[in-house]
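K.L.:
Starting off with a structure, shown below.
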Amino acid sequence: MAETLFEQEYQLAAHLRDPAANPPPPGLEDRRLRIYSELFFNNIEGLLSGNFPVIRKTLGDQRWLTLARDFYAQHRSQTPLFAEIGREFIRFLQDRAAAGEPDPGWLAEMAHYEWVELGLQIADDALPAHDAGGDLLAGVPVLSPFAWALAYAWPVHHIGPDYQPATPPATQTLVVVRRDAQFEIRFAEISPLVFRLLELLRHGQSNGRQALEQLAAEAGADDPGSDPGQALPFFIEQGRAMLERMRDEGTLLGTRPL
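Using the numbering used here, the letters of the sequence shown correspond one by one to residues 21 to 278.
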């Protein structure tokens with residue numbers, strides 16, 4: 021009997037996911053099955069619409085509903101948490117891209133870009149130890165766990181109903197997304213130089229001056245100024261000002277000892 025009950029539950033779940041492809045268990049009223057099927061799907065579609073409003077608007081109602089139904093019918097989520105549905109949808113789109121599905125090339129990256137806002141809102145990382153007023157050149161700058169530097173092949177911050185590129189541009193789209201003290205999410209496009217600096221700081225293996233010197237060398241800037249006794253050269257001085265701005269806006273928390 022237990023095995024029969026399990027089989028019936030499995031058959032019912034398969035039918036609710038994809039009624040067209042899976043018959044229901046015998047003896048259940050069609051009207052009730054339709055109600056349950058639509059109720060479950062509408063709950064998932066509503067969560068997706070809330071997480072990905074730009075994609076929904078860009079694709080249009082029919083394409084969006086088809087995509088949401090494919091996700092509902094085909095994807096096997098690794099978590100039961102509603103807050104993780106958005107991340108599961110991204111995995112679903114990445115799997116579709118790898119399988120050669122004819123989706124827009126920007127779709128998976130656009131989904132990630134839209135999800136980032138929720139990801140930062142629910143992030144609960146503990147703040148690392150830091151000196152909020154520390155010397156950003158002598159100490160190791162500490163990045164906020166709520167500031168994410170992201171690189172995309174597609175111009176995700178411009179894509180919408182009126183702009184849907186067929187091919188990615190030659191240069192990446194680089195952004196930093198951060199959550200401020202009021203839990204507001206801030207998006208800002210950044211230069212390759214700033215993105216690389218954030219990469220260097222993320223490793224936490226050098227103080228601010230060393231990171232700027234490495235950045236200067238990689239950029240081919242003259243006279244990075246390796247002697248701490250010298251007056252600060254232009255590149256390092258400008259870099260320090262950049263680090264100060266990052267601390268003021270909350271991308272950097274402060275410093276820790278090297």
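Cβ coordinates follow ideal geometry from the N, Cα and C atoms, glycine included.
For residue 246, count the other beta carbons within 10 Å of its own beta carbon; 16 or more makes it buried, fewer makes it exposed. Which is it?
P.N.:
Position 226 of the sequence shown, counting from 1, holds the residue named residue 246. Confidence in residue 246 is poor, its pLDDT being 49 and thus under 50, which makes the residue's placement too unreliable to answer from.
K.L.:
Fully enclosed by the region 173-246, which alpha helix (DSSP H) runs are 4 residues long or longer?
P.N.:
Counting only runs of 4 or more, we get 212-223, 228-239.
K.L.:
Once you ignore the five residues that flank residue 67 on each side, which residues in its own chain have a CB closer than 8 Å to its CB?
P.N.:
Counted from its first residue, the sequence shown places residue 67 at position 47. Same-chain partners within the cutoff: 102, 105, 106.
K.L.:
What does DSSP give as the partner residue(s) for residue 275 in the beta ladder?
P.N.:
Here the question's residue 275 lines up with position 255 in the sequence shown. 151, 161.
K.L.:
How many Å lie between residue 81 and residue 55 at the Cα?
P.N.:
For the purposes of this step, residue 81 is identified with residue 61 of the sequence shown, where counting begins at 1. For the purposes of this step, residue 55 is identified with residue 35 of the sequence shown, where counting begins at 1. Distance between the alpha carbons of residue 81 and residue 55 is about 21 Å.
K.L.:
What are the start and end residues of each continuous alpha helix (DSSP H) run of 4 or more residues lying completely inside the region 46-113, in chain order?
P.N.:
Taking only runs of at least 4 residues, the alpha helix (DSSP H) segments lying wholly in the region 46-113 are 50-71, 73-79, 81-94.
K.L.:
Taking only three categories from DSSP, how would you classify residue 126?
P.N.:
Reading the sequence shown from its first residue, position 106 is the one you call residue 126. In the structure shown, residue 126 sits in coil (DSSP, three-state: anything other than H, G, I, E or B).
K.L.:
Is the CB-CB distance between residue 227 and residue 159 below 8 Å?
P.N.:
By one-based count along the sequence shown, residue 227 stands at place 207. By one-based count along the sequence shown, residue 159 stands at place 139. Yes, these two residues count as a Cβ contact at 8 Å.
K.L.:
Does DSSP classify residue 40 as helix, strand or coil?
P.N.:
Working through the sequence shown from its first residue, we reach residue 40 at position 20. It is coil, neither helix nor strand.
K.L.:
Out of 175, 203, 200, 201, which has the shortest C-alpha to C-alpha gap to residue 194?
P.N.:
Taking the first residue of the sequence shown as 1, we reach residue 194 at position 174. Checked all of 175, 203, 200, 201; the closest Cα to residue 194 is 175.
K.L.:
Does DSSP put residue 260 in a helix, a strand or coil?
P.N.:
As a first step, residue 260 must be located in the sequence shown, where it is residue number 240. In the structure shown, residue 260 sits in a helix (DSSP, three-state: H, G or I).
K.L.:
To the nearest angstrom, report how far apart residue 113 and residue 69 are at their CA atoms.
P.N.:
The residue you call residue 113 lines up with position 93 of the sequence shown. The residue you call residue 69 lines up with position 49 of the sequence shown. Answer to the nearest angstrom: the Cα atoms are 15 Å apart.
K.L.:
In this structure, how does DSSP classify residue 146 when only helix, strand and coil are distinguished?
P.N.:
Residue numbering aside, residue 146 sits at position 126 when the sequence shown is read from its first letter. Three-state DSSP puts residue 146 in coil, outside helix and strand.
K.L.:
Rounded to whole angstroms, what's the CA-CA distance from residue 183 to residue 260? Just pull it up for me.
P.N.:
Counting from one through the sequence shown, the residue named residue 183 turns up at place 163. Counting from one through the sequence shown, the residue named residue 260 turns up at place 240. Taking the straight line joining both Cα atoms gives about 38 Å.
K.L.:
Please name the residue, chosen from 132, 34, 120, 170, that lies closest to residue 109 on a Cα-to-Cα basis.
P.N.:
Within the sequence shown, numbered from 1, the residue matching residue 109 stands at position 89. When each option's Cα is compared against that of residue 109, the closest is 132.
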